[in-house]
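Asks: Below you'll find the structure I mean.
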Amino acid sequence: MTRYILALLIIFSTLYGYKEVRLNAVQAQGLGIKDIPIKNPSITRGVPFNAFIDFDNKDSTTQSSTFDVVVVAIYRREGEQIQQGNEICEISSNELNNLFFELENTQNKHRVAEEIAKKDKDLFQAGVISQREYQQSYLASRELYLKLSQLRNTFKLFGIDPDKPRGSFGFRVVASASGILSVAPKNTGEKIPAFTPYVRISKNNNLLARIKIPLSVSDYVLPGSRVYSEKGQYVGDVSSVSVVVDKNNNSITAIADLKEGVFRVGEIADVYIEGKQPKGTYIVPSNAVIKNAKDNLIFIKTPNGYAPKVVQIIEKRSKSFVIDGKGFKGNEQIASGALVALKGLINNIGVGEAQ
Numbered sequence: 001m002t003r004y005i006l007a008l009l010i011i012f013s014t015l016y017g018y019k020e021v022r023l024n025a026v027q028a029q030g031l032g033i034k035d036i037p038i039k040n041p042s043i044t045r046g047v048p049f050n051a052f053i054d055f056d057n058k059d060s061t062t063q064s065s066t067f068d069v070v071v072v073a074i075y076r077r078e079g080e081q082i083q084q085g086n087e088i089c090e091i092s093s094n095e096l097n098n099l100f101f102e103l104e105n106t107q108n109k110h111r112v113a114e115e116i117a118k119k120d121k122d123l124f125q126a127g128v129i130s131q132r133e134y135q136q137s138y139l140a141s142r143e144l145y146l147k148l149s150q151l152r153n154t155f156k157l158f159g160i161d162p163d164k165p166r167g168s169f170g171f172r173v174v175a176s177a178s179g180i181l182s183v184a185p186k187n188t189g190e191k192i193p194a195f196t197p198y199v200r201i202s203k204n205n206n207l208l209a210r211i212k213i214p215l216s217v218s219d220y221v222l223p224g225s226r227v228y229s230e231k232g233q234y235v236g237d238v239s240s241v242s243v244v245v246d247k248n249n250n251s252i253t254a255i256a257d258l259k260e261g262v263f264r265v266g267e268i269a270d271v272y273i274e275g276k277q278p279k280g281t282y283i284v285p286s287n288a289v290i291k292n293a294k295d296n297l298i299f300i301k302t303p304n305g306y307a308p309k310v311v312q313i314i315e316k317r318s319k320s321f322v323i324d325g326k327g328f329k330g331n332e333q334i335a336s337g338a339l340v341a342l343k344g345l346i347n348n349i350g351v352g353e354a355q
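Now the structure itself:
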């Protein structure tokens with residue numbers, strides 16, 4: 001019988017509107033209700049994401065090896081301003097030793113082949129030998145020149161000066177450009193795997209944030225979205241959003257160019273991204289909306305309590321709803337938290353406790 005009466009009350013309320021719930025501040029606090037502005041910056045700026053702070057790769061150069069190496073000496077540290085040609089560290093490996101031996105051997109062979117080709121050219125011009133014999137020595141010289149060039153370029157790719165590769169303890173890694181040393185070996189004896197950059201030089205102080213976005217909320221993050229710090233300060237804009245999903249954590253990566261704020265390279269910071277919001281709508285937390293029969297209700301703060309209002313949910317998001325802004329001025333305070341207590345009061349449940 002009680003359930004039948006309650007159902008009739010809910011239907012009556014739905015048909016003829018909801019009456020104001022009279023509730024003072026002490027009672028509201030006791031029920032676990034908190035007032036928030038309907039225009040809530042902490043909600044519209046989105047949910048917090050972890051961001052890895054780094055230098056902008058577009059203005060950086062890297063140096064790495066195609067095989068494992070060991071750091072045997074360090075001369076420069078991360079964060080230092082360096083000039084092209086500055087010695088950064090020394091590295092060593094058996095493969096590097098073999099490559100260096102091959103470089104020296106090819107240099108010697110090329111030197112001899114060049115001398116032979118020069119002599120054969122003079123002999124050919126003097127009519128002593130045939131053109132075919134001269135061409136053979138010339139082609140042998142060119143072949144060794146190409147091999148030598150390839151070896152020299154390999155050393156340059158590693159950041160090693162092929163004209164002076166040897167240092168006091170291993171092979172000298174020198175700066176290929178001027179700028180800020182954003183990546184460098186930290187300890188001697190450190191083993192660096194193949195194809196892992198051991199030197200990166202950034203030409204300026206431009207920073208970016210690599211932000212991991214859960215796939216469930218990725219639709220709301222677009223290029224151009226504003227990014228805020230944990231304190232709500234504007235710090236930059238999203239420049240790109242990856243279309244590739246990281247299967248390890250079911251997320252995508254958004255890159256934001258940082259223009260404001262104080263950040264350090266290597267820092268993990270909490271940032272907020274302002275998601276897209278349809279015109280004429282408000283974004284409210286999920287605990288500010290409650291279902292009552294077929295209605296979605298929010299409770300607007302009044303001088304005497306709260307006025308229930310039926311709202312249309314445009315979109316459901318993670319921990320928030322996008323609602324139609326029709327009928328709102330934008331300066332309202334709404335209830336959040338334990339709305340089940342207010343729902344009970346409008347359905348005449350627990351009236352005695354509130355009054």
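Numbering follows full-length UniProt numbering, with no gaps: position 85 of the sequence shown is 85. Using N, Cα and C, we set each Cβ at its ideal position, and we do this for glycine too. Computed from a predicted structure; not experimentally measured.
(1) Alpha carbon to alpha carbon, how far is LYS58 from VAL174? Give it in angstroms, no decimals.
(2) Do ILE192 and ASP68 have their C-beta atoms closer together than 9 Å?
(3) I need the boundaries of the alpha helix (DSSP H) containing ASN118, first residue and last residue.
(4) Are the beta-carbon atoms belonging to ILE346 and ILE298 less than 9 Å from one another?
(5) Any idea what DSSP makes of GLU190, helix, strand or coil?
(6) Counting along the chain, where does the alpha helix (DSSP H) carrying THR154 start and finish?
(7) Can the beta-carbon of ALA51 be found closer than 9 Å to that of ASP270?
(8) Figure out for me which residue from ALA113, GLY159, GLU90, ILE201 has the closest Cα to the Cα of ASN187.
(9) Which residues in the same chain as GLY167 place their Cβ atom closer than 6 Å to its Cβ, once the five residues preceding and following it in sequence are excluded?
(10) List the residues that DSSP assigns as beta-bridge partners of PRO285.
(11) Tell me the DSSP secondary structure of LEU222 in three-state form.
(12) By alpha-carbon positions, which one of GLY330, ASN348, ALA341, GLY305 ends up nearest to ALA25?
(13) Within 10 angstroms of the Cβ of PHE101, are there 16 or more other Cβ atoms? Answer buried if so, exposed if not.
(14) May I ask which residues mark the beginning and end of the beta strand (DSSP E) holding GLY236?
(15) Among TYR75, SER141, ALA293, LEU103, which residue has its Cα nearest to the Cα of ASP120?
(16) To the nearest angstrom, how far is it from the Cα of TYR272 to the Cα of GLU230?
(17) In terms of DSSP beta bridges, what is PRO165 paired with?
(18) Please classify GLY179 as buried or exposed, where buried requires at least 16 other C-beta atoms within 10 Å of its C-beta.
(19) Buried or exposed: TYR16, going by 16 or more other Cβ atoms within 10 Å of its Cβ?
(20) Indicate whether VAL244 and ALA254 have their beta-carbon atoms separated by less than 9 Å.
(21) Looking at the strands, I want to know which residues DSSP matches up with THR61.
(22) Measure the C-alpha to C-alpha separation of ASN287 and LYS247 and round it to an integer number of angstroms.
(23) On the premise that VAL284 lies in contact with ILE38, defined as a C-beta separation below 8 Å, what is that separation, rounded to the nearest angstrom?
(24) Any contact between the stretch 215 to 235 and the stretch 194 to 203? By contact I mean 3 or more CB pairs, one from each, below 8 Å.
(25) Rounded to a whole number of angstroms, what is the C-alpha to C-alpha distance between GLN355 and ILE290?
(26) Spatial neighbours of GLY337 within its chain, please: C-beta separation below 7 Å, excluding the five flanking residues on both sides.
(27) What do you get for ASP122, buried or exposed, if any count of 16 or more other CB atoms within 10 angstroms of its CB means buried?
(28) From ALA73 to PRO278, what does the alpha carbon distance come to, in whole angstroms?
(29) Buried or exposed for residue 357, going by 16 or more other Cβ atoms inside 10 Å?
(30) Going by DSSP, what residues sit across from TYR228 in a beta bridge?
(31) Please name the residue, chosen from GLN125, LEU151, LEU342, LEU181, that lies closest to ARG77 on a Cα-to-Cα basis.
(32) Alpha helix (DSSP H) containing LYS343: first to last residue?
(33) Hey, LEU146 and THR106 are a contact pair by Cβ (cut 8 Å); roughly how many whole angstroms apart?
(34) Could you say which of TYR134, ASP163, GLN136 lies nearest to SER149 if we only look at CA atoms?
Replies: Put simply:
(1) 21 Å
(2) yes
(3) Sequence check: residue 118 is Lys here, not Asn. Where LYS118 is concerned, the enclosing alpha helix (DSSP H) stretches over 94 to 125.
(4) no
(5) coil
(6) 131 to 157
(7) yes
(8) GLU90
(9) GLU90
(10) SER320
(11) coil
(12) GLY305
(13) exposed
(14) 234 to 241
(15) SER141
(16) 7 Å
(17) Beta-bridge pairing links PRO165 to no other residue.
(18) buried
(19) For TYR16, the pLDDT reaches just 42, beneath the cut-off of 50, and the residue's location in the model is therefore unreliable, although a value from the coordinates is still provided. Its Cβ having fewer than 16 others within 10 Å, TYR16 is exposed.
(20) no
(21) ILE201
(22) 31 Å
(23) 7 Å
(24) no
(25) At GLN355 the pLDDT is 44, less than 50, meaning the model places this residue with poor confidence; the figure from the coordinates comes in the next sentence. Those two C-alpha atoms are separated by around 22 Å.
(26) GLY32, ILE33, LYS34, ASN287
(27) exposed
(28) 57 Å
(29) The requested residue 357 does not occur in the structure, where the chain is confined to residues 1 to 355.
(30) TYR234, TYR272
(31) LEU181
(32) 339 to 346
(33) Contact doesn't hold; Cβ gap of about 10 Å is too wide.
(34) ASP163
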